[in-house]
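Chain order of the listed sequences is A and B. Its first residue numbered 1, the first sequence is counted upward by one per residue in our numbering. Its first residue numbered 1001, the second sequence is counted upward by one per residue in our numbering. For each residue, glycine too, the CB sits at the ideal point set by N, CA and C. The structure displayed is predicted, hence computed values, not measured ones. Scroll down for the structure; my scribbles are underneath it.
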Amino acid sequence: MSATLAKRALGRHPLGIGFVAPYVLFLAALFAYPLGYAVWMSVHDFFFAAPGAIVERPFVGLDNFSAVLSDDRVQRSFLNIGIFLVINVPLTVVLSLVLATALNAAIPWRGFLRGSFYVPYVTASVAVVGVWLFLFNRTGLVNQILGPLAPEPSWLVSEWLAMPTIALYVSWKQLGFFVLLYLAALQNVQKELYEAAAVDGASRFRAFMNVTVPGVRPATTLVVVLAIITGANLFTEPYLLTGGGGPDGASASPVLAMYQHGIEQGEPDFAAALGVILVAMVLVLSLASRKFLERD
Amino acid sequence: MAVETIPVELAAADDAPRREAPSTGRGRRIRLAVLFLGAFVFLFPFYYMLIGSLQADPDPGLAGALPNPGNLTLDNYTQINDQLSLGRALLNSGVFTGAVILGTVVFGLLAGYALAVLSFRGKGMVFASLLLVQVVPFQLLTIPLYVLIVRDYGLADSYLGMILPFAINSTAVFVFRQFFLQLPRELFDAARIDGASELKILLRIAVPLSKPALLTAVLLTFIGPWNEFLWPFLVTKEQDIQPLAVSLANYISTVSGRASNPFGAILAGACVLAAPAVALFVVFQRRFVQSNLGSGVKG
């Protein structure tokens, strides 16, 4: 094969194929194949069998999906993600935008302040959950400070407060990342707009609402989309913070339900169908919030 | 996967030029008050983690938030070490994290370089898949990966089984590509005319020129496996091979009741687990936020 022919077939730098080959192999074996396998599993009667054993896995159509959708605990876990989003999204958007705006100026200790917001984000959730358990248990520091105002039953064991506490925890843990995100977005807001607002006699607050907030809208979209993905991925927090989604499933997440059904109870087909539904919902919600937030 | 999607955007946060008008006296005071209040809320749990890990008797009251010389002990560390063998657990975390970093640096750099600088058949498709990986939550893959890796390939309780799904961090590949795209084309062309091989150009020109940025990507890659819980939790049942995040979580959820001061022991374990990530971040913080990666991600 002549050199020109090879170039036509493989591109100007055929070596590039060699360079990406390990990565492509990785994606094919550990991303594409399992992804297809999950979908296949979700429409078959799939159960764990001894390695090497040949078992029949009959096609069952949408049976697994209807089992998932009619399961009380799964329904509750989706409701819980709704509660999570209702608390997490506004809290994250407001607090991170306020902190980013405050950071966006020549102030002393700037590096320290920015760094301190970022510490929870880089720390393992398992480690931070430990201290939250200590802070928020019945006799913990938070309740000691609240005194007679302390909720009964306490935060993590209350049917009403368990999920909101998880939402609060996740907002706190990830806020630093969103502060950085908004800080970057603030650099794209035109300075002239603030000057114009000042000339028009707008107060600081009005300038914030009319210039800053619309100016960082793409970042806000990203916050909402990432919050949806985070909610869909919740596992460590309900597993550890509320002792397996307690009380009575009031803080269970879909991924926790996936784990319980798929691995603890040995119904991987049910779990796979739940996963497919979860991803479909993530995609739909992300696209919808994009449309909603980016409309003119 | 959320954890993987997030760092991409982090790259956009550069050292902010101070564009806003200088604040007046009152505005400045409010600004500082808000920021220091925020910093307190963010840092206090870490301080409390350390204090709690040193208490002989757990003191959840207000006084417990202050160091009390009469109530200080290292027993909690001994206790958690007896339960989890911290050295072994840290070694497991290190092997898991080190292998992911190695895989990401070796194969990720090659892929990132090819995607940015070389032109070859299938490049568009590889890049499209790279972006697709970022939006599909990893959790969908956990069940089929569990079936494949644990049941079919028998890789339960092995480093390989733990590492495989994380071997190449796609976010890092994306970040590598963005860095290399920013380097001037003429540099590569000149080196090629001089007869340098592509591998040599990558190692001698592209990598040295984007060192601070590469460091950022490596740090981001570190956070993933070091903090990861769900996957290694599914793959490992033997404590001998569990990373610290998994063995500590198992301790929290099952055996903590047996310790005389379970919170002290949990918090001691938490300090050990948190320390390396926090230390790395503090050491590299300056370079971390100063490397201006903005232009690659903003558009």
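The C-beta of A/Leu-141 comes closer than 7 Å to at least one C-beta of chain B. Beyond the five residues adjoining it in sequence on each side, B/Leu-1084 comes within less than 8 Å, by CB distance, of Gln-1239, Leu-1244, Ser-1247, Leu-1248, Tyr-1251, Gly-1269 in the same chain, given in chain order. Taken atom to atom, the span from the alpha-carbon of A/Leu-293 to that of A/Pro-218 is near 8 Å.
In the three-state reduction of the DSSP assignment, A/His-44 falls in the strand class, which pools E and B. With contacts defined by Cβ atoms closer than 7 Å, A/Leu-10 and B/Arg-1151 do not form a contacting pair. Close CB contacts of B/Gly-1112 within its chain, under the 7 Å cut and outside five residues either way in sequence, are with Val-1173, Phe-1176, Arg-1177, Phe-1180 (chain order). Measuring C-alpha to C-alpha distances from A/Leu-241 to each of A/Pro-164, A/Lys-291, A/Thr-221, A/Asp-269 identifies A/Pro-164 as the nearest. Scanning chain A for C-beta atoms nearer than 9 Å to the C-beta of B/Arg-1185 yields nothing, as the closest lies near 13 Å away. Put simply, the backbone Cα of A/Ala-288 is about 19 Å away from that of A/Val-216. Look at B/Leu-1072 here: in three-state DSSP terms it is strand.
In this chain, the alpha helix (DSSP H) harbouring A/Phe-19 covers 15-27. With respect to the 7 Å criterion, A/Pro-120 and A/Lys-173 are classified as neighbours on the basis of their beta carbons. Apart from the 5 residues on each side of it in sequence, B/Ala-1099 sits with its Cβ closer than 6 Å to the Cβ of Ile-1163 in its chain, given in chain order. The CB of B/Met-1162 never comes closer than 9 Å to any CB in chain A; the least such distance is about 13 Å.
Within chain A, Val-126, Leu-240 have C-beta atoms less than 7 Å from the C-beta of B/Ala-1249, given in sequence order.
In summary, the residues of the segment 26-43 of chain A whose CB is separated from some CB of chain B by less than 7 Å are Phe-26, Leu-27, Leu-30, Phe-31, Pro-34, Leu-35, Tyr-37, Ala-38, Met-41, in the order they occur in the chain.
Here B/Val-1126 is near A/Val-20, since their CB atoms are less than 7 Å apart. In this chain, A/Ala-124 is not harboured by any alpha helix (DSSP H), its DSSP state being neither H nor E.
Closest in alpha carbon position to A/Gln-260, among A/Gly-52, A/Gly-18, A/Leu-180, A/Val-68, is A/Val-68. Per DSSP, the continuous alpha helix (DSSP H) segment holding A/Val-142 begins and ends at 141-146. Any Cβ of chain B closer than 7 Å to the Cβ of A/Gln-265 would place that residue at the interface, and such an atom is absent.
For A/Leu-149, there is no enclosing alpha helix (DSSP H), as DSSP marks it with neither H nor E. When DSSP reads this structure, A/Phe-59 sits in a beta bridge with A/His-44.
Contact residues of the segment 228-253 of chain A toward chain B are Ile-229, Thr-230, Ala-232, Asn-233, Phe-235, Thr-236, Tyr-239, Leu-240, Gly-243, Gly-244 (C-beta to C-beta distance below 8 Å). Counting the other Cβ atoms within 10 Å of the Cβ of A/Met-209 gives fewer than 16, which makes it exposed.
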